[in-house]
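Asks:
Residue numbers (the working numbering): 440 to 751.
#1: How many Å lie between residue 652 and residue 599 at the Cα?
#2: Out of 475, 627, 547, point me to the one whose CA is closest to residue 591's CA.
#3: In angstroms, rounded to a whole number, what distance separates the CA positions of residue 670 and residue 490?
#4: On the three-state DSSP scale, how would you describe residue 621?
#5: Once DSSP output is grouped into helix, strand and coil, what is the label at residue 758?
#6: Would you call residue 679 buried or exposed, if buried means 16 or more other Cβ atoms sit within 10 Å of its Cβ?
#7: So does the stretch 623–630 actually touch the stretch 521–534, counting three or more Cβ pairs closer than 8 Å?
#8: How big is the Cα-Cα spacing for residue 650 and residue 637?
#9: Taking the CB atoms as reference points, tell me whether residue 464 and residue 563 lie closer together than 8 Å.
#10: Considering only residues of the same chain and omitting the five flanking positions on each side of residue 608, which have a CB-CB separation below 7 Å?
#11: Using the beta-carbon count (16 or more within 10 Å), is residue 568 buried or exposed?
#12: Runs of 4 residues minimum, wholly inside the stretch 516–548: which ones carry the alpha helix (DSSP H) assignment?
#13: Alpha carbon to alpha carbon, what distance is there between residue 484 and residue 509?
#14: Inspect the CB distances between the stretch 609–618 and the stretch 576–587 and report whether three or more fall short of 8 Å.
#15: Taking a contact to mean a Cβ-Cβ separation below 8 Å, would you say residue 472 touches residue 543 in this structure?
#16: Reducing DSSP to helix, strand and coil, say where residue 568 ends up.
#17: Looking at residue 560 and residue 468, is the spacing between their C-beta atoms short of 8 Å?
#18: What three-state label does DSSP hand residue 608 in the structure shown?
#19: Closest to residue 648 by C-alpha separation, out of 573, 586, 672, would be which residue?
#20: Taking the alpha helix (DSSP H) that residue 674 falls in, what are its first and last residues?
#21: Helix, strand or coil for residue 613, going by three-state DSSP, please let me know.
#22: Are residue 486 and residue 496 closer than 8 Å when you measure CB to CB?
#23: Could you tell me if the beta carbon of residue 668 falls within a distance shorter than 7 Å of some heavy atom in the ligand ATP?
#24: What did DSSP end up calling residue 590 once you bin it into helix, strand or coil?
#25: Could you please give the first and the last residue of the uninterrupted alpha helix (DSSP H) stretch that includes residue 505?
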C-alpha cells in the first residue's frame with residue numbers, strides 16, 4: 440500500500456461550517472455587505488424624502504463610504520480604504536458580488552477553515568485600491584477627472600477570493616453528476632468576463648483594480664504553499680483587539696502542541712506520545728492538500744500510519 444493510499448483510507452469529510460456557527464467568516468462578510476447596502480439605501484431614501492437628488496446624495500453622503508482616487512481627499516477620509524469594499528448602491532451590483540462571493544467563498548472556507556477568507560478578501564480590496572489610485576495618477580488621460588473618480592463595491596475583494604479558491608483547488612468541480620462536472624476555473628473565467636463586461640464603459644482604472652484583486656488572491660495562496668501565511672498577523676491583531684474589551688480573558692502561554700496533541704498523564708516523565716485525534720488528522724490532511732505529502736514531518740507521517748491502523 441502506497442503512502443498516499445494509507446491516509447486516504449481514513450479521510451473523513453470535513454465538518455461543514457453552518458451559516459449560524461460562531462466565527463463563520465463567509466456569513467460575516469455577507470452580513471457586513473448587506474448592512475452597508477441597507478444603510479446607504481436608507482440614507483438615499485431619506486434624501487429623496489426631503490426632495491434632494493442623486494447629486495446631493497453622492498456629494499454629501501456617499502463620499503464617506505467610497506474611496507477617492509485623489510490622495511488629498513483620501514487623507515481626509517482614510518477609513519474609506521476599508522469601507523469602500525463593503526459598500527454598494529446598486530441592487531444588481533451587490534446581488535452579483537454576493538452570489539460570486541458565496542460560490543467561491545464557501546469552497547475556500549471549506550478547504551481552509553474560518554481564518555483565511557476574510558484576510559484574502561481584505562488583501563484583494565487593498566490591492567484594488569492601491570492600483571486604482573496609482574493608475575489614476577499615472578495615466579495622463581485620467582488625471583483631469585481624478586478629483587471625481589472614486590472606487591465603490593466588493594468587486595476587487597471578491598475577485599481575490601475567486602482566484603485564491605481556484606489557485607488552491609484547480610481540480611474542484613461543480614455539478615459532478617453532469618458529465619463529470621464543471622471545473623472551477625471555467626466558473627472563474629465566466630466571472631471575470633461578466634465582471635469586465637460590467638465595467639467596459641468606464642475607465643481602465645476600474646478594470647486594473649479588479650485585476651489587482653485577482654493577483655492578490657493568487658499571491659496569497661502562492662505564499663501559503665511556501666509556508667508564508669499572510670493571515671496570521673491579521674487574525675492575531677483581531678484577537679488582540681477583541682481581548683482589549685474582555686478584561687476577564689485569561690492569557691495563556693501554553694504551547695498549543697503540548698496542550699492539545701500530547702497526553703503525558705500517567706506516563707513516564709519526559710516521554711511524549713502523540714495523541715491521535717480527528718482534529719489532528721484533519722490538520723495533517725489539510726497540510727497535504729496545501730503543500731504535498733513530501734513536506735510532512737516524520738511525526739506527522741507516523742500519526743497518519745497509526746490512524747490508518749486504528750481505523751480512526
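Think of the CB as a built atom: it goes at the ideal place given N, C-alpha and C, for glycine as much as any other residue.
Here the structure is a predicted model, which is why all the values come from computation and not from measurement.
Replies: Looking at the atomic coordinates:
#1: 5 Å
#2: 475
#3: 46 Å
#4: Assignment of residue 621 by DSSP, reduced to helix, strand and coil, places it in the strand class.
#5: Within the shown structure, residues of the chain are numbered from 440 to 751, placing residue 758 beyond reach of any answer.
#6: exposed
#7: no
#8: 14 Å
#9: no
#10: 546, 550, 623
#11: buried
#12: 519–522
#13: For residue 509 and residue 484, the gap between their C-alpha atoms comes out near 28 Å.
#14: Judged by Cβ distances under 8 Å, the stretch 609–618 makes no contact with the stretch 576–587, as fewer than three pairs qualify.
#15: Judged by their CB atoms, residue 472 and residue 543 are not nearer to each other than the 8 Å cut-off.
#16: helix
#17: Yes; because the gap between Cβ atoms is below 8 Å, this pair is in contact.
#18: coil
#19: Per the C-alpha coordinates, the member of 573, 586, 672 positioned closest to residue 648 is 573.
#20: 671–683
#21: Residue 613: strand per DSSP, three-state reduction.
#22: yes
#23: This structure simply doesn't include the ligand ATP, nor any ligand for that matter.
#24: strand
#25: Per DSSP, residue 505 belongs to no alpha helix (DSSP H) and is neither H nor E.
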